[in-house]
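For what it's worth, our numbering labels the leading residue of the sequence shown as 338, then goes sequentially.
Positions of the beta carbon are idealized from the N, C-alpha and C atoms, including for glycine.
One structure below.
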Amino acid sequence: MDEFNNPFAGLDAKGLPPGNPNLPATPAPKKNRGRVDIIRQKAGRGGKTVTVVTNFVGIGLPEKEALAKKMQKACGTGGTVKDGQIEIQGDQRESVRRILEEAGFRPVFAGG
């Protein structure tokens, strides 16, 4: 039955240098806030391209507006929050993806 015993049970920390008390014991896991879809749309917009972010779960309007403002600033374009979706002018999918990843979301390019 000795083969099932913990081989590290007899070890101790005597003689090892102390750890840094300012460092966390384990790194904080990256928060996963769920999947969001990034879609490029032109239909019904007078030929103009718009990047739309949809399928937010558990996020309120103030946070969507803050994300939209951050996206607008990073892309140098206008945008809005409409019907629970963030709309950014132009084809800004890569910039929007980066910002959503930084915020803890899992962005997915959807559509054609």
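Boundaries (first-last residue) of the alpha helix (DSSP H) holding isoleucine 436: 430-439
Anticipated Cβ contact below 8 Å, asparagine 369 with arginine 434, distance rounded: At roughly 15 Å, the Cβ-Cβ gap does not stay under 8 Å, so asparagine 369 and arginine 434 are not in contact.
Proline 399: CB within 6 Å of a non-hydrogen atom of the ligand COA: Summarising the ligand content, the structure contains no ligands, and the ligand COA is consequently not present.
Where the alpha helix (DSSP H) containing lysine 410 begins and where it ends: 398-412
Whole-number beta carbon distance between valine 418 and leucine 398, since they are thought to touch under 8 Å: 7 Å
Supposed contact pair arginine 430 and arginine 377 - C-beta distance, whole angstroms, cut 8 Å: 6 Å
Where threonine 388 sits in the DSSP three-state scheme: strand
Rounded C-alpha distance that separates glycine 371 from leucine 348: 41 Å
Close beta carbons around methionine 338, own chain, < 6 Å, minus the five adjacent residues each side: Bear in mind that a pLDDT of 49 at methionine 338, under 50, signals an unreliable position, so the number given afterwards is only what the model happens to contain. Same-chain partners within the cutoff: there are none.
Proximity of cysteine 412 and isoleucine 425 at Cβ, strictly below 7 Å: yes
Presumed contact (8 Å Cβ cut-off) between threonine 386 and glycine 427, rounded CB distance: 6 Å
Beta-ladder partner(s) of proline 444, from DSSP: Val373
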